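Colleague:
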Amino acid sequence: MGAGRGKAEEISEAVTSRRKQAREALPRGLSRPFLFFAWRRVPGPPKKTAPLKSPAHTRAVGLLVAAALCWSLGGLLIKAIAWPPLAVAGGRGLIAALFLAAVSRGLRFHFSRAQLLGAFSYAACTLTFCVATKLTTAANAILLQYTAPVWIALFGASLLGERATRADWFTIIAVLGGIMLFFSDSLALTGLLGNALALLSGVFFAGMVIALRRQKDGSPVESVILGNVIAFLVGLPWIIGAPMLPLAGWGALLVLGLVQLGFSYWLYTRAIRHVTALEGVLIPVIEPLLNPLWVLLALGERPTPKALAGGAIVLGAITLRGVVGLRGNSPRATH
Numbered sequence: 065m066g067a068g069r070g071k072a073e074e075i076s077e078a079v080t081s082r083r084k085q086a087r088e089a090l091p092r093g094l095s096r097p098f099l100f101f102a103w104r105r106v107p108g109p110p111k112k113t114a115p116l117k118s119p120a121h122t123r124a125v126g127l128l129v130a131a132a133l134c135w136s137l138g139g140l141l142i143k144a145i146a147w148p149p150l151a152v153a154g155g156r157g158l159i160a161a162l163f164l165a166a167v168s169r170g171l172r173f174h175f176s177r178a179q180l181l182g183a184f185s186y187a188a189c190t191l192t193f194c195v196a197t198k199l200t201t202a203a204n205a206i207l208l209q210y211t212a213p214v215w216i217a218l219f220g221a222s223l224l225g226e227r228a229t230r231a232d233w234f235t236i237i238a239v240l241g242g243i244m245l246f247f248s249d250s251l252a253l254t255g256l257l258g259n260a261l262a263l264l265s266g267v268f269f270a271g272m273v274i275a276l277r278r279q280k281d282g283s284p285v286e287s288v289i290l291g292n293v294i295a296f297l298v299g300l301p302w303i304i305g306a307p308m309l310p311l312a313g314w315g316a317l318l319v320l321g322l323v324q325l326g327f328s329y330w331l332y333t334r335a336i337r338h339v340t341a342l343e344g345v346l347i348p349v350i351e352p353l354l355n356p357l358w359v360l361l362a363l364g365e366r367p368t369p370k371a372l373a374g375g376a377i378v379l380g381a382i383t384l385r386g387v388v389g390l391r392g393n394s395p396r397a398t399h
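Each residue of the sequence shown is one higher than the one before, counting from 65 in our numbering.
#1: Can you grab the Cα-Cα spacing for the pair A381 / A238, in whole Å?
#2: Going along the chain, which residues of its own chain have a beta-carbon closer than 6 Å to the beta-carbon of A178, five neighbours each way excluded?
#3: Roughly how many angstroms lie between the CA atoms of F175 and P307, to the nearest whole one?
#4: Mind the definition here: the region 296-313 touches the region 151-166 only if three or more C-beta pairs lie below 8 Å; say whether that holds.
#5: With H, G and I counted as helix, E and B as strand and the rest as coil, what does DSSP make of S265?
#6: With H, G and I counted as helix, E and B as strand and the rest as coil, what does DSSP make of E343?
#7: Does DSSP put A114 in a helix, in a strand, or in coil?
#8: Report yes if the C-beta distance between I350 and G344 is below 8 Å; otherwise report no.
#9: Between the beta-carbon of I347 and the beta-carbon of V129, is there less than 8 Å?
#10: Just tell me which of M244, A295 and L290 has its CA closest to the CA of P352.
#11: Does the separation of the CB atoms of T200 and N292 fall below 8 Å?
#12: Considering S222, what are the terminal residues of the alpha helix (DSSP H) in which it resides?
#13: Please report the distance separating the alpha-carbon of G282 from that of Y186.
#14: What are the start and end residues of each continuous alpha helix (DSSP H) run of 4 or more residues lying completely inside the region 116-149, in chain order?
#15: Please list, in chain order, all residues of the same chain as A144 whose beta carbon is under 7 Å from its beta carbon, the five residues on each side excluded.
#16: What residue from G375, L180, T229 and V285 has the CA that sits closest to G170's CA?
#17: Could you tell me if D232 is buried or exposed, where buried requires 16 or more neighbouring beta carbons within 10 angstroms of its beta carbon?
#18: Count the other CB atoms, across all protein chains shown, that sit within 10 Å of the CB of I142; report buried if there are 16 or more and exposed otherwise.
#19: Alpha carbon to alpha carbon, how far is L162 from F219? Give it in angstroms, no decimals.
#20: Among the residues of its own chain, which have a CB less than 6 Å from the CB of L223, if the five just before and after it don't count?
#21: Anyone know if the C-beta pair for P149 and T192 falls short of 8 Å?
#22: Assuming contact is defined by CB atoms lying nearer than 8 Å, are N204 and A252 in contact in what I supplied?
#23: Label I216 either buried or exposed according to how many other C-beta atoms from any shown protein chain fall within 10 Å of its C-beta, with 16 as the threshold for buried.
#24: Go through its chain and collect everything with a Cβ distance to F268's Cβ below 7 Å, but skip five positions before and after it.
#25: Can T340 and V288 be called in contact, C-beta distance under 8 Å?
#26: Over what stretch of residues does the alpha helix (DSSP H) that includes L331 continue unbroken?
#27: The alpha helix (DSSP H) that contains K198, what's its start and end?
#28: Skipping 5 residues on each side, what residues in its chain have a beta carbon closer than 6 Å to that of S400?
#29: Flag this pair as yes or no: are the beta carbons of G241 and G375 separated by less than 8 Å?
#30: Would you kindly work out how many angstroms separate the C-alpha atoms of A166 and L357, rounded to a whole number?
#31: Use the C-beta contact count for F246: other C-beta atoms within 10 angstroms, 16 or more gives buried, fewer gives exposed.
#32: Considering only their Cβ atoms, is the gap separating L133 from L354 smaller than 8 Å?
#33: Straight-line CA distance for W330 to S118?
#34: Just to confirm, are T323 and L208 a CB contact at a threshold of 8 Å?
#35: Just confirm the distance between the C-beta atoms of W135 and S265, as a whole number of angstroms; I'd bet it's less than 8 Å.
So, in structure tokens, the structure goes:
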């Protein structure tokens, strides 16, 4: 009741103030009926509009899109390397670690809880996903890994103080439905172990993003470097036993390490400091949609109508969520 009375008093004071301004604007000698026209000429209070997010947030969204573009090269390049998946994961991890160490300044490996959690989550995410794609269909692996936004929406409030909104939950449901439709011709109920590992990869993906976001006031790139070193050490036995690659295979591995992982995470670790953790996984979800584009350009394989419809749903949901976020109606990220 007190809040309602206070609001009514504010409205009454505003009306009284506007009447006073109208009387003062009325020329002397004119009668009261002309007061109406003077009232119309007095401007009312300015309308409130949702403020735009900061330029840093807008740039961060662009960096996330660019990172997803780099990530999407993985599907096509991995097929060009005649190595076991763990060997590929270890080889590209070493190249990415060296690249990030070379281009990053002022590195500080303090081995804090957040830094180590980010490193192990990153390594576990990449390794489990590589194995999952071997044990189940690629469609299953991608769909189950992108359950990561659900885990962040559930635990982001308690771990980061970033509460998911209705718009976030709508976007998550739309994205998962769109990805399911996108890969509907390839989804399968077989490969139970592979599906479990893909789901676990999504949990580790969420853990990595949360850990990187917790380092927003510092430098999260150290976690990624450590994670790539861990991935290399795990994959080293498979690298030693792998056959010698041809020149094209080495070129694909080099691009995987430098661009698909190295440069992408150089972008991502800068973006995650200025967006919420949920934005950090929802915006790059365009990555699996771009994989068929590269296959189309390289091999001429055309996506099915279901894939096009699913992709349109995902892109529409992400675009709508991005517009809402830029207008400042999403949970604010700490800059």
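Built from N, CA and C at the ideal position, the CB exists for glycine as well.
Here the structure is a predicted model, which means the values were calculated and not measured.
Modeller: By the coordinates alone:
#1: 6 Å
#2: A275, R278 and Q279
#3: 36 Å
#4: yes
#5: helix
#6: Helix.
#7: Note that A114 scores 45 on pLDDT, short of 50, meaning its location in the model is unreliable; the coordinates nonetheless yield the value given after this. In the three-state reduction of the DSSP assignment, A114 falls in the coil class.
#8: No. Outside cutoff.
#9: The beta carbons of I347 and V129 sit closer together than 8 Å.
#10: M244
#11: no
#12: A212 to L224
#13: Here the C-alpha atom of G282 lies approximately 18 Å from the C-alpha atom of Y186.
#14: 119-135 and 138-143
#15: A312, G313 and A316
#16: Among G375, L180, T229 and V285, the Cα nearest to that of G170 belongs to V285.
#17: buried
#18: buried
#19: The C-alpha of F219 lies about 33 Å from the C-alpha of L162.
#20: I274
#21: no
#22: yes
#23: buried
#24: In the same chain as F268, and ignoring 5 residues on each side of it, the C-beta atoms closer than 7 Å to its own belong to S185, A188, C189 and T192, in chain order.
#25: 8 Å or more divides the Cβ of T340 from the Cβ of V288.
#26: S328 to A335
#27: R177 to L199
#28: The chain is shown from 65 up to 399; residue 400 falls before or after that span and cannot be answered.
#29: no
#30: 31 Å
#31: By the C-beta density criterion, F246 is buried, having at least 16 other C-beta atoms within 10 angstroms.
#32: yes
#33: 21 Å
#34: The residue asked about is misnamed: residue 323 is Val in this sequence, not Thr. Contact: no.
#35: Rounded, the Cβ-Cβ distance is 14 Å, inconsistent with contact.
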